[in-house]
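Which chain is which? The protein sequence lines are E and U, in order. Under my numbering, the first residue of the first sequence carries the number -13, and numbering increases by one thereafter. Under my numbering, the first residue of the second sequence carries the number -13, and numbering increases by one thereafter. A virtual CB, placed ideally from N, CA and C, is assigned to each residue, including glycine. It should be emphasised that the depicted structure is a prediction, and the values quoted were computed from it without experimental measurement. Worksheet: the structure to be examined is printed underneath.
There are 2 protein chains.
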Amino acid sequence: MQNFSQKKIDDLHIEVMSNCVNVKKKSFQTGEYILSFGLRQKMIGLVESGKADIVRVDVDGNESVIKTLTPGSIFNDAFSCYTTNSVFVISRTITEIYFIDYPQILTNCLMGCKYHSMMVQMIVHLFTENSISLNEKIEILSYSKIRERILAFLHIGIGNNETNCYKLPFSISEFAEFLCVDRSALMRELKKMEEENIIKRENKTIILLDVLHY
Amino acid sequence: MQNFSQKKIDDLHIEVMSNCVNVKKKSFQTGEYILSFGLRQKMIGLVESGKADIVRVDVDGNESVIKTLTPGSIFNDAFSCYTTNSVFVISRTITEIYFIDYPQILTNCLMGCKYHSMMVQMIVHLFTENSISLNEKIEILSYSKIRERILAFLHIGIGNNETNCYKLPFSISEFAEFLCVDRSALMRELKKMEEENIIKRENKTIILLDVLHY
DNA sequence: CTGGTTCTGTTGCAATTGCAACTTTTTTAC
DNA sequence: GTAAAAAAGTTGCAATTGCAACAGAACCAG
């Protein structure tokens, strides 16, 4: 999730890579659809600036944020294939994204380019990070009680940080969506937890009080 | 999940690969721990025969089967890193597994071996399949009602098959574990769905009656 | 075949959650 | 600055679920 340290790929690397494979940069407005993965486009997206969400939409139209993308984040089409529902990437601010041609990395330029190895490592990094995020989400959703999900989310989010603070990267409504629980039920539980001195909340910042911070 | 057609890697490939990277074959007894991923071992496991489960264990000791591994299945350490809980691979029958040294694929034998490209594609395949399974699990868990989870599970499992039958690859207890719901509550819901003619159940085979099979 | 263990099936009950329907506050757009 | 829209916050109520505690069936191992 957010605590996973992104391996930043700087402009120089992008420039070098663009000699090796097809790289395009595009800008998106707030709310614009960056990708509908139903198309199964084989490419890697790399966020340079802005913010975007990977959102799953089920058959009933319910949305669930799978992951929030920030500068340095990397994503691809592996999120959606073979599932019945759709996954979209939606720009939440003005967002700039590099698109790197995916099959090219494996076919073209085969073994000849000295940056090829770096590209392969980038792919592995992408998939590993993807895998980690998905596992974190499963860990959270495997709890049946809202309180447990909140705590799991906070523990992952706070991770090895020195503080017990966590600033939500999204609104409370989106938080409920992420946890796959009803918004009002989430509010209710957050209130209860505050009354029981388990957390303290101020706007979008949640402080986990130490007693249960095992 | 089970309907995802595995790209079988036959013995010849394994033999060729073993010239390029370090490959070891090991046998495990029923119930034996194949891997505790807490160790963060960088390697790929490839099931030759038998059956094993990837199991997540949370801090309270609750177990949840992430995925069932059958011959041809491939797995690695990307399942667990950076999460607070542990992931294990447990052998359910006598199981034979190839272990392929992971970093070697990317560092040793760099660009020299003509099977290198195949290895890279294997890695991509592994991660993609991993990603698909995890997404399917998230899709299932994103529903809050047991009935919805059962139906999502069946839809994924049946997929594009011609039949409406699905044979559970595990016991009802394990099914409840997989869906992250209480076993007795699952029983109750299965019974209700049978009474409402939504499904028909016989032992471990579930038939989805066509009305709701959109 | 016998005792033990695991799985299946059932039920009552309390707790939690989703849902609907609100009000209030904050943010956005013109 | 003001109207409109989105988000936050509340609450009552019904439905669903988890939990505990059973009993019977199936499946071992000696």
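- A Cβ-Cβ distance of about 7 Å is found for the pair residue 76/U and residue 20/U, placing them in contact under the 8 Å criterion.
- Following the DSSP letters along the chain, one finds residue 37/U in no alpha helix (DSSP H), marked with neither H nor E.
- Going by DSSP, residue 188/U is part of no alpha helix (DSSP H) but of the beta strand (DSSP E) stretching over 185 to 188.
- If only complete runs of 3 or more residues are kept, the stretch 139 to 179 of chain U shows the beta strand (DSSP E) at 151 to 153, in order along the chain.
- The stretch 151 to 161 of chain E and the stretch 184 to 193 of chain E touch, with no fewer than 3 CB-CB distances between them shorter than 8 Å.
- Residue 38/U sits close to residue 81/U, with the two beta carbons spaced by under 8 Å.
- Distance from residue 54/E to residue 156/E at the Cβ level is roughly 7 Å; contact confirmed, criterion being Cβ atoms closer than 8 Å.
- By the neighbour-count definition (other C-beta atoms within 10 Å, threshold 16), residue 123/U is a buried residue.
- In this structure, residue 172/U sits away from residue 186/U, with a CB-CB distance that is not shorter than 8 Å.
- The alpha carbon of residue 178/E has as its nearest neighbour, out of 120/E, 167/E, 133/E and 41/E, the alpha carbon of 133/E.
- Following the DSSP letters along the chain, one finds residue 62/U inside the beta strand (DSSP E) bounded by residues 60 to 62.
- Non-local beta-carbon contacts of residue 32/E in its own chain, meaning distances under 7 Å to residues more than five positions away in sequence, involve -5, 60, 83, 84 and 86 in chain order.
- The contact set of residue 147/U on chain E, defined by CB atoms closer than 9 Å, is empty, because the minimum CB distance reaches about 13 Å.
- In the assembly as shown, residue 130/E is an exposed residue. Its beta-carbon has fewer than 16 other beta-carbons within 10 Å.
- For residue 41/U, the closest C-alpha among the options 18/U, 9/U and 126/U is that of 18/U.
- Not flagged as an interface residue toward chain E: residue 59/U, since no C-beta distance is shorter than 8 Å.
- Under DSSP, no beta-bridge partner is assigned to residue 18/U.
- Of the other Cβ atoms in all chains shown, fewer than 16 fall within 10 Å of the Cβ of residue 35/U; this residue is therefore exposed.
- Residue state for residue 128/U is assigned as coil, using DSSP reduced to three classes.
- For the set 144/E, 136/E and 125/E, the Cα lying nearest the Cα of residue 169/E is the one of 136/E.
- In this structure, residue 164/E lies away from residue 73/E, with their beta-carbon atoms at least 8 Å apart.
- When Cβ-Cβ separations below 8 Å define contact, residue 124/E makes contact with chain U.
- Secondary-structure assignment with DSSP links residue 85/E through a beta bridge to 10/E and 31/E.
- When 29/E, 4/E and 8/E are compared, the shortest CA-CA separation from residue 112/E is found for 29/E.
- Note on residue 182/U: under 16 other CB atoms within 10 angstroms of its CB, so exposed under the neighbour-count rule.
- The bridge partners DSSP lists for residue 55/E are 38/E.
- The beta carbon of residue 79/E lies closer than 7 Å to those of 16, 36 and 37 in the same chain, with the five residues before and after it left out.
- Within the stretch 149 to 169 of chain U, the residues whose Cβ lies closer than 9 Å to some Cβ of chain E are 166, 167 and 168, listed in chain order.
- Chain E places a beta carbon closer than 8 Å to that of residue 127/U, counting this residue as a contact.
- Under the 8 Å criterion on CB atoms, residue 130/U is classed as interfacial with respect to chain E.
- For the pair residue 184/U and residue 159/E, the Cα-to-Cα distance works out to about 33 Å.
- A distance of 8 Å or more separates the beta carbons of residue 127/E and residue 120/U.
- When DSSP states are grouped into helix, strand and coil, residue 194/U belongs to the strand group.
- Of the other Cβ atoms in all chains shown, fewer than 16 fall within 10 Å of the Cβ of residue 147/E; this residue is therefore exposed.
- Non-local beta-carbon contacts of residue 12/U in its own chain, meaning distances under 6 Å to residues more than five positions away in sequence, involve 83 in chain order.
- Straight across, the Cα-Cα distance linking residue 167/E with residue 175/U is about 20 Å.
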